[in-house]
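To start, the structure under review is shown below, and the notes come after it.
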Amino acid sequence: WAAAQVAEANRTQVIAEVEKGRYLEQTKLFEQMKDNAWQSLRRFPPREIARYLALMEGKKAARMMVLAQEDLDFPNAAVDINQEMLRIDLNGTTGDQQQRLATLYSFMSAQQVLPYLKASSLEDIANLLIEMGKKAPAKKVADLLEALRVQDSKREIEIRKLMESRQATAQGGVQ
C-alpha cells in the first residue's frame, strides 16, 4: 500500500510539472505579445488567468492586471483574478500568494490597486500592505492607505490597526 501511495504521488508530481511547463511556455508567448496578450487572456476563466499571471515577470503581470481592470466588457475580471491569485499555489508552498500580489501591486498606482481590494478581507489587505512594505518604497504603501482612507475611512482604520498589531507581534511585541 505504501509503495502504491509513493508511486501515485510521483505520478501526480510528474503530471503537475508537465502542466506547469506548458503554462510557462504559453506565458512566454503572452509576455512577447505585450498589451495584446490581454485579448487572448480575457477568454480564459479567472483561475487560468491567475496561473499565467503568477508565472509572468512582475511588471508584465501588473500591466495585464491594469488592462483587466480597464476592460469594460468584463467589469468583475479584476476582482475575480485577484481572488484566484490569492488561492493559487504553483509551487506547493503557502504564503507566496500574498508576496506575489504585493510585488505586482508595487508596480501599480494606488487607484489601480483599489478595485482589486474591493472584495478582500481586512486581514488580506493588511497582509498585502505588510508584504508591500518589505519590498516596495514606503510611499507606495502610504499612497494605498490614503486611497483606502478616501474610499472608506473606517475600513482604513481597521486595516492600520491590523497592520500595527501584526508588525508588533512580528517584532516580539504583545498583541
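Numbered continuously in my numbering, the sequence shown closes out at residue 180. Glycine included, C-beta positions come from ideal geometry on N, C-alpha and C.
> Cα-Cα, which of D148, E136, R160 is closest to Q104?
Replying inline: As a first step, residue 104 must be located in the sequence shown, where it is residue number 99. The shortest C-alpha separation from Q104 is found at E136.
> When burial is assigned at 16 or more other CB atoms within 10 Å of the CB, is D129 buried or exposed?
Replying inline: To locate residue 129, count along the sequence shown from 1; it is residue 124. It is buried - the Cβ of D129 has at least 16 other Cβ atoms within 10 Å.
>> Quick check on T99: buried or exposed, where buried means 16 or more other Cβ atoms within 10 Å of its Cβ?
In response: Against the sequence shown, residue 99 aligns to sequence position 94. Because the pLDDT at T99 is just 47, under 50, the model does not fix this residue reliably, and the value given afterwards should be weighed accordingly. Exposed, because fewer than 16 other Cβ atoms sit within 10 Å of the Cβ of T99.
> In or out: E161 buried (at least 16 other Cβ within 10 Å) or exposed?
Replying inline: Looking up residue 161 in the sequence shown gives position 156. Under this definition E161 is a buried residue.
> Start and end of the alpha helix (DSSP H) containing K39?
Replying inline: Taking the sequence shown and counting its residues from 1, the one referred to as residue 39 is at position 34. Where K39 is concerned, there is no enclosing alpha helix (DSSP H), given that its DSSP letter is neither H nor E.
> Going along the chain, which residues of its own chain have a beta-carbon closer than 8 Å to the beta-carbon of A124, five neighbours each way excluded?
Replying inline: To locate residue 124, count along the sequence shown from 1; it is residue 119. Only V84, N87, Q88 meet the Cβ criterion.
> Which whole-angstrom value describes the C-beta separation of L149 and V118, a residue pair presumed to lie in contact below a C-beta threshold of 8 Å?
Replying inline: What you label residue 149 is simply residue 144 of the sequence shown in a count that begins at 1. What you label residue 118 is simply residue 113 of the sequence shown in a count that begins at 1. Going by Cβ atoms, the distance from L149 to V118 rounds to 6 Å, so yes, they are a contact pair.
> When the distance is taken between beta carbons, is A115 closer than 8 Å to E198?
Replying inline: Because the chain spans 6 through 180 in this model, residue 198 falls outside it and cannot be assessed.
> Measuring CB to CB, does D40 end up less than 8 Å from L60?
Replying inline: Position 35 of the sequence shown, counting from 1, holds the residue named residue 40. Position 55 of the sequence shown, counting from 1, holds the residue named residue 60. Taking 8 Å as the Cβ cut-off, D40 and L60 do not qualify as a contacting pair.
> What does a CB cutoff of less than 6 Å around R154 pick up in its chain, not counting 5 residues either side in sequence?
Replying inline: Position 149 of the sequence shown, counted from the first residue, corresponds to residue 154. Only E161 meet the Cβ criterion.
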